[in-house]
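The sequence shown lines up with residues 14 to 202 when you count with the numbering used here.
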Amino acid sequence: MKTGSIVVITGPMRSGKSEELLRRVKRFQIAEKHVLIFKPDQENRFEEDHTASRDFRQERCIIVPASSPGYINAHVDESVDVVAIEEAQFYSVLSKTDKTIVDVVQGLSDRGIEVVVAGLDMDTERKPFHFMPELMAVATEVIKLKAVCEGCREEPAAYSYREGKTSRILVGDGGYEALCQTCYNKKKK
């Protein structure tokens, strides 16, 4: 029986989460592992059936309804060694019959699959984002990345900031800034 693992890659906007996920995917591919990549249907920044990083790396992926992360299981058979899940913060549970993204990830790992998950840890109000805290808690490894602060351009940025009080979820980069704590607090005043 293979030993599974769960790696969570997290941080604010523009911190390199997708780049790190795709870097790891590439290493697994070089090792000739069978890798499947998933992203939620809400993530529409790039081509529909691809996930991409800001440095223009991209890989084909499978789209899963954000409201039904359990559909990931329908695509994973015994031949799969690695599952990569992009934008995990978008997965929520709208149906009581569906599994949470945490249930799915733990189940895959229990089957001996290496799971790599990327997603924002906090929203723009610095509140934990959906199931990300639970994913971080069950992970065998957590990688918390930082961006360069777009306010002062000096400090590491741990927060995603957006003007206004609109929806908690706004897909894409529009209006977001990666900020350090000092710059975040200045903007919030």
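Glycine is no exception: its CB is placed at the ideal position from the N, C-alpha and C atoms.
Query: Using a Cβ-Cβ cutoff of less than 8 Å, which residues in the same chain neighbour Glu-154 once the five nearest sequence positions on both sides are dropped?; Result: Ser-18, Ile-19, Val-20 and Val-21
Query: Mind checking which residues open and close the beta strand (DSSP E) that includes Ala-191?; Result: 189-192
Query: Spatial neighbours of Gly-188 within its chain, please: CB distance less than 7 Å, with the 5 preceding and 5 following residues excluded, ordered by chain position.; Result: Arg-175 and Glu-176
Query: Spell out a yes or no on whether the stretch 124-140 and the stretch 159-170 are touching, meaning 3 or more CB-CB pairs, one atom from each, closer than 8 Å.; Result: no
Query: Kindly examine the ligand FAD and report whether one of its heavy atoms sits closer than 7 Å to the Cβ of Thr-153.; Result: Absent from the structure shown: the ligand FAD. Ligands present: none.
Query: Give the DSSP-derived three-state secondary structure of Val-115 in the structure shown.; Result: helix
Query: What does the Cβ neighbour count give for Arg-37, buried or exposed, with the cut at 16 atoms within 10 Å?; Result: buried
Query: Spatial neighbours of Lys-109 within its chain, please: CB distance less than 7 Å, with the 5 preceding and 5 following residues excluded, ordered by chain position.; Result: Any reading at Lys-109 must be qualified, since the residue scores a pLDDT of 48, below 50, and its modelled position is unreliable; no value is offered.
Query: Which class does Thr-23 belong to by DSSP, given the choice of helix, strand or coil?; Result: strand
Query: Name the DSSP beta bridge partners of Met-135, please?; Result: Pro-141
Query: Could you say which of Pro-53, Ala-150 and Arg-40 lies nearest to Ala-101 if we only look at CA atoms?; Result: Pro-53
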